[in-house]
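Visitor: Pasting a structure here, questions to come.
Numbering (our numbering), first residue to last: -11 to 113.
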């Protein structure tokens, strides 16, 4: 009878170990499933980021092209009359030129006439 008790106890221990093992395996399977789901989610997010990076690369290329165009137009701008006048030095030159014209006109004299009206400034010969 002692042998039967020890066999029954061994069977009970084996069943207990099997139940713990099954619970552990189920827990591992659940964790594996969670990791697989996380992996799928991360792969999807990685693909979205890849698409965004490609879009940013295209945008960067367009911006670099536009910057190069603006730099080229800026370099050629001072070679035109309007380009020179748009710089601070050009504006100063225009102001000096206008003052010089006014001084010359005042020194030499000028007159404006329209019909019977005549306006004279400076020497009128």
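Heads up, the beta-carbon is just placed ideally off N, CA and C, and yes, glycines get one too. Remember, it's a predicted structure, so these values are computed and weren't measured experimentally.
Check the C-beta distance from residue 109 over to residue 89 and give it rounded, since I have them as a contact under 8 Å.
Guide: Taking the first residue of the chain shown as 1, we reach residue 109 at position 121. Taking the first residue of the chain shown as 1, we reach residue 89 at position 101. The pair is not a contact, with the Cβ atoms about 13 Å apart (cut-off 8 Å).
Visitor: Nearest-angstrom Cα distance between residue 42 and residue 36?
Guide: Indexing the chain shown from 1 puts residue 42 at position 54. Indexing the chain shown from 1 puts residue 36 at position 48. Their Cα atoms are separated by approximately 10 Å.
Visitor: What separation, rounded to the nearest whole angstrom, lies between the Cα atoms of residue 20 and residue 34?
Guide: Locating residue 20 in the chain shown gives position 32, counting from the first residue. Locating residue 34 in the chain shown gives position 46, counting from the first residue. Roughly 20 Å between the two C-alpha positions.
Visitor: With DSSP run on the structure shown, which of helix, strand or coil describes residue 75?
Guide: For this step, residue 75 is matched to residue 87 along the chain shown. Residue 75: coil per DSSP, three-state reduction.
Visitor: State the beta-bridge partners of residue 96 as determined by DSSP.
Guide: Within the chain shown, residue 96 is the residue found at index 108, counting from 1. Partner(s): none; residue 96 has no beta bridge.
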